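Everything below concerns the one structure shown next.
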């Protein structure tokens, strides 16, 4: 994406898209979809769910773009709202079904892939843990040969990942947006359609819950402290 | 605070800015620019240096931040696979073609409706002119051209000319638009040209005269010298008569009223 296209306002792109401009849609998609995809991935822990949600969000935009009202919020907030609705609907459906092994949390695999710098998601190194279906239930383990300090670091990361997965939805959302996507309180508030103060208090509470869960499981060790 | 005091870490003179309660509140925001925590960062860290409990909280928070940072870093560049974009572009194309195919029938329907309206309007203007001649009897008589009323001497040469095959509209004849405003909105008049009467010898008499609408018996027309035999004229005939100032009839024309409702 060039600097020139980055300067084009979302609203203008949307208007052009509604008028049938395919380039405008492509630009809008490439600009907005990574955040939506990551949000769905962190919330569900599953790549295929994240892909489905991303596709559904932009399908909705194609079919019903006129539903977006700039008076009520940003386009990003509108898209996150659609993504959240899709995720909730999905969880409602999955609540009554038995989860398949394929629906397990794949973020560990992504993390290990990132660390090893090779392999695809299909050639995952991590053993997926069962039933981490986005409702925050179920834990798993990572198992691959690594050095001790790296192990401690990975262990912490993995435990934090699983702790996030067990957070209630509204707390998980703020952790994903503010901590993992590094959004400002204001942007997160726009995405979640709630006041900034709510984001701040939820994040505070979410972090406290995370620390509580991690303390209960095992004392956390700082990777930098290992080997001293 | 009690624990801190018991541990001997409590230094009241340095606790004036941030206490343990405040510290816990701002701890998650110490590294987040623009937040209250960032504004109190130095004071909060100073407090953590002296308070073992809050110091432990900092260690825990740093460990959590480290893990969160690792996750964020590992997933920062993640994007949906290209096939999602391809599928969406296909949907975009499909939506566009569906929208245009939806628009086309509407455009055709609108054009058709407009054409129908124009046709109806055109027919409503055209119909009286095309149907009226069939209903108006042609008058073959020794009549003068329709445009003027002439004296008998001028009228003679025009004997036996047919002038009323195509009736002319009277100046009082209303257009369809005018009809709607009039009380007798449904009547349309057709008239022949004025025919000078045989004894009307002085055309100057017409100046200052008047036009009088009369209903005459058929026999009266004969008495005026109008040869109407075999023309299908009814017993009572409506006519406009030009009378001079002294009331003498100078010219006459036949008038037929056609009720447009009955035509419709």
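Residue numbers (my numbering), protein chains in the order written: chain A, 1 to 228; chain B, 1001 to 1264. The beta carbon of each residue, even a glycine, is placed where N, CA and C say it ideally should be. Given the structure is predicted, the values throughout are model-derived calculations rather than measurements.
With 16 as the cutoff for other CB atoms within 10 Å, does residue 170 (chain A) come out buried or exposed?
exposed
By the three-class DSSP mapping on this structure, what secondary structure does residue 193 (chain A) have?
The answer is coil: DSSP assigns residue 193 (chain A) none of H, G, I, E or B.
What does DSSP give as the partner residue(s) for residue 1216 (chain B) in the beta ladder?
B:1237
I'd like to know whether the C-beta of residue 1075 (chain B) is nearer than 8 angstroms to at least one C-beta of chain A.
yes
Establish whether the CB of residue 1018 (chain B) and some CB of chain A are separated by less than 8 angstroms.
no
Applying a beta-carbon distance threshold of less than 8 angstroms, which residues of chain B neighbour residue 54 (chain A)?
1080, 1084
Compute the Euclidean distance between the alpha carbons of residue 210 (chain A) and residue 1064 (chain B), then round it to the nearest angstrom.
8 angstroms
Alpha carbon to alpha carbon, how far is residue 1039 (chain B) from residue 109 (chain A)? Give it in angstroms, no decimals.
C-alpha separation (whole angstroms): 38 angstroms.
So, helix, strand or coil for residue 1180 (chain B), using DSSP?
Residue placement at residue 1180 (chain B) is poorly supported in this model, since its pLDDT is 41, which falls under 50; the coordinates still yield a value, given next. Three-state DSSP puts residue 1180 (chain B) in coil, outside helix and strand.
Using a Cβ-Cβ cut-off of 8 angstroms, state whether residue 1070 (chain B) counts as contacting chain A.
yes
Below 8 angstroms, how does it come out for the stretch 185 to 196 of chain A and the stretch 57 to 76 of chain A: are there three or more Cβ pairs, yes or no?
yes
Restricting to Cα atoms, I'd like to know which of A:46, A:27, A:20 is closest to residue 1096 (chain B).
A:20
Examine chain A for any beta-carbon lying closer than 8 angstroms to the beta-carbon of residue 1063 (chain B), and answer yes or no.
yes
Can you name the residues of chain A whose CB is closer than 7 angstroms to the CB of residue 1189 (chain B)?
Simply none; closest approach about 57 angstroms.
If we ignore side chains and look at the alpha-carbon of each, how far apart do residue 1074 (chain B) and residue 162 (chain A) end up?
Going from the Cα of residue 1074 (chain B) to the Cα of residue 162 (chain A) covers about 15 angstroms.
Of all the CB atoms in chain A, is at least one closer than 8 angstroms to the CB of residue 1095 (chain B)?
Yes, its Cβ sits closer than 8 angstroms to a Cβ of chain A.
Answer yes or no: does any C-beta atom of chain A fall closer than 8 angstroms to that of residue 1049 (chain B)?
no
In the DSSP assignment, find the unbroken alpha helix (DSSP H) run with residue 53 (chain A) in it and report its ends.
47 to 64
Would a check of beta-carbon distances place residue 1021 (chain B) closer than 8 angstroms to chain A?
no
So, for residue 135 (chain A): in the same chain, excluding its five sequence neighbours on each side, which residues have a beta-carbon less than 6 angstroms away from its beta-carbon?
The pLDDT assigned to residue 135 (chain A) is 41, lower than 50, so where the model puts this residue is not dependable, and the model offers no usable value.
At the 8 angstroms Cβ level, is residue 241 (chain A) part of the contact set with chain B, yes or no?
Here chain A covers residues 1 to 228 and nothing more, so residue 241 (chain A) does not appear.
For the alpha helix (DSSP H) containing residue 1072 (chain B), name the first residue and the last one.
1052 to 1075
Could you tell me which of B:1255, B:1069, B:1220 sits nearest to residue 1031 (chain B), measuring between CA atoms?
B:1069
Let me see if you follow: with CB-CB separation under 8 angstroms, is residue 62 (chain A) close to chain B or not?
Chain B contact via Cβ: present.
Mapping DSSP to helix, strand and coil, what is residue 94 (chain A)?
helix
Taking only the alpha-carbon atoms, compute the straight-line gap between residue 1020 (chain B) and residue 1053 (chain B) and give it to the nearest angstrom.
Approximately 9 angstroms between the Cα atoms of the pair.
Report yes if the CB atom of residue 80 (chain A) is closer than 8 angstroms to the CB atom of residue 191 (chain A), and no otherwise.
yes
Would you mind reading off the limits of the alpha helix (DSSP H) that contains residue 240 (chain A)?
In the structure displayed, chain A extends from 1 to 228; residue 240 (chain A) sits before or after that span and is not available.
Compare the C-beta of residue 25 (chain A) with all C-beta atoms of chain B and state if any pair is closer than 8 angstroms.
yes
Please state whether the Cβ-Cβ distance between residue 1193 (chain B) and residue 1256 (chain B) is less than 8 angstroms.
Contact annotation: residue 1193 (chain B) and residue 1256 (chain B) have beta-carbon atoms that are not nearer than 8 angstroms.
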